[in-house]
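First comes the structure, then the notes that go with it.
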């Protein structure tokens with residue numbers, strides 16, 4: 108799942124579902140699974156993340172990471188009979 112709005116024209120928006128096809132050092136090869144651009148192959152670069160100003164620390168932390176998050180899905184039929192503490196729809 109994508110965590111940032113990168114390019115709304117190509118459906119690279121927040122919470123867009125993606126399938127990671129290949130991993131590179133600074134880039135991901137992904138396939139879009141939702142919206143009108145489904146099945147389109149795109150490349151996602153690492154994005155700089157910067158901490159906000161803080162009175163507690165005397166430095167600003169900058170790191171580069173991929174703007175994605177791991178997600179899992181399960182069908183209703185498979186989930187029957189299982190105990191699942193939290194479910195989001």
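Numbering (the working numbering), first residue to last: 108 to 196. A virtual CB, placed ideally from N, CA and C, is assigned to each residue, including glycine. Keep in mind the model is a prediction, meaning the values are calculated, not measured.
Do residue j and residue i have their beta-carbon atoms positioned less than 9 Å apart in this structure?
| i | j | result |
| --- | --- | --- |
| residue 151 | residue 140 | no |
In the DSSP output, what is residue i paired with across the bridge?
| i | result |
| --- | --- |
| residue 122 | Beta-bridge pairing links residue 122 to no other residue. |
Check the C-beta distance from residue i over to residue j and give it rounded, since I have them as a contact under 8 Å.
| i | j | result |
| --- | --- | --- |
| residue 123 | residue 149 | Not a contact, Cβ separation roughly 10 Å. |
| residue 108 | residue 176 | 5 Å |
| residue 166 | residue 153 | Contact flag wrong, Cβ pair sits at about 21 Å. |
| residue 138 | residue 146 | 6 Å |
| residue 135 | residue 127 | 6 Å |
If you run the structure through DSSP and keep just helix, strand and coil, what is residue i?
| i | result |
| --- | --- |
| residue 245 | Since the first and last residues shown for the chain are 108 and 196, residue 245 lies out of range. |
| residue 116 | helix |
| residue 143 | coil |
Going by DSSP, what residue range makes up the alpha helix (DSSP H) through residue i?
| i | result |
| --- | --- |
| residue 183 | 183-186 |
Mind checking if residue i is an interface residue toward chain B, Cβ cutoff 9 Å exclusive?
| i | result |
| --- | --- |
| residue 109 | Looking for chain B here will not work: only one protein chain is present. |
So the beta strand (DSSP E) residue i belongs to, where does it begin and stop?
| i | result |
| --- | --- |
| residue 192 | From DSSP, residue 192 is part of no beta strand (DSSP E); its letter is neither H nor E. |
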